[in-house]
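Visitor: Mind looking over this structure? Questions follow.
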Ligand SMILES: NC(=O)c1ccc[n+]([C@@H]2O[C@H](COP(=O)([O-])OP(=O)(O)OC[C@H]3O[C@@H](n4cnc5c(N)ncnc54)[C@H](OP(=O)(O)O)[C@@H]3O)[C@@H](O)[C@H]2O)c1
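Numbering (the working numbering), first residue to last: -9 to 257.
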């Protein structure tokens, strides 16, 4: 089971901004797009893909089920609605967006519905997002070993998630790092700036290359074509052991996102 390692995020982008971002990214060679029901941009993402002319078979599209749609009778209908908006018959990866422990739907119920979506061919892969170790364990228990392709989690040089990533590696679950740039915060980091200067790279490229080198998938977003283009070049940047060791020291539990009622008890 392989999750492509370099994608485009679309959180916060709506209307023409998301259409422009997705079209620029596809023109630059991106083929992986991450959206979600709650981003309210699936229709625009679908429009941008259609207008780009890139064949569906070349694309890897991820969407995420929002917490209102976790009940067994809602999850698949909500996915069909997402597919209509995205103008496709299937997504490549379908995620549970947040564990939302208090929302009244048991984990086993929504994980079973997610697995059913895969059986119906509405998604190629399934996964979770923002799950801690214990909830990931329960999710594996609900759908079976080898079924969960990824856990998409906030992960940056300032929030390295060592315990959770070790567990996911052990389970063969790909880590997808979201907000690898900590929504821009790590771009001002002096250590990353030194490493970037040494490699004649940008700080964003260093942060992304660090995550890629650890074996994680990344999905940086940008509204700017030049940032989309330069971020993609992180794939060719090779950090050395000394760079990786220095970045490891930047950990500071720098979590940016932890919504009440949705987030788990973080590891
Ligand atoms: N599963 C979840 O709960 C969850 C939560 C949050 C995010 N996500 C996903 O992860 C994706 C990435 O997260 P994110 O978009 O919040 O944050 P991010 O990728 O860490 O950072 C995006 C920010 O960085 C800037 N940026 C990007 N490349 C840059 C560059 N080369 N130089 C300077 N600035 C740069 C962008 O500004 P410009 O537009 O000016 O370039 C934007 O403000 C989201 O879009 C979404 O798809 C998932």
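A virtual CB, placed ideally from N, CA and C, is assigned to each residue, including glycine.
Measuring alpha carbon to alpha carbon, tell me which residue in 232, 257, 80, -6 is nearest residue 114.
Guide: Checking every option, the nearest Cα to that of residue 114 belongs to 80.
Visitor: Verify the contact flag: residue 83, CB atom, against every heavy atom of ligand 1, threshold strictly below 7 angstroms.
Guide: no
Visitor: By DSSP, does residue 53 sit in helix, in strand, or in coil?
Guide: Three-state result, residue 53: strand.
Visitor: Can you check DSSP and say which residues form a bridge with residue 9?
Guide: Looking at the DSSP assignment, residue 9 forms no beta bridge with any residue, so it has no partner.
Visitor: Of the residues 0, 192, 57, 177, which one's Cα is nearest the Cα of residue 258?
Guide: Residue coverage of the chain in this structure runs from -9 to 257, which leaves residue 258 outside it and unanswerable.
Visitor: Going along the chain, which residues of its own chain have a beta-carbon closer than 6 angstroms to the beta-carbon of residue 325, five neighbours each way excluded?
Guide: Summary: the structure shown does not reach residue 325, with the chain confined to residues -9 through 257, and so no result is reported for it.
Visitor: Just verifying my parser: in three-state terms, what is the DSSP assignment at residue 32?
Guide: helix
Visitor: Please indicate yes or no: does the CB of residue 173 lie closer than 7 angstroms to some heavy atom of ligand 1?
Guide: yes
Visitor: CA-CA distance, residue 39 and residue 195?
Guide: 25 angstroms
Visitor: Following the continuous beta strand (DSSP E) through residue 165, name the residue where it begins and the one where it ends.
Guide: 164 to 168
Visitor: Going along the chain, which unbroken runs of the alpha helix (DSSP H) with 4 or more residues stay wholly within the segment 65 to 145?
Guide: 65 to 76, 97 to 109, 123 to 133
Visitor: Could you check if residue 345 belongs to the surroundings of ligand 1, using beta carbon to heavy atom distance under 7 angstroms?
Guide: Because residue 345 is not part of the residues shown, which for the chain are -9 to 257, the question remains open.
Visitor: Quick check: does the Cβ of residue 87 come within less than 7 angstroms of any heavy atom belonging to ligand 2?
Guide: With respect to ligand 2, the structure offers nothing, as its ligand set consists of ligand 1.
Visitor: I'd like to know if residue 230 contacts chain D, where contact means its C-beta is closer than 8 angstroms to some C-beta of that chain.
Guide: The chain inventory of the structure shown lacks chain D, comprising one protein chain alone.
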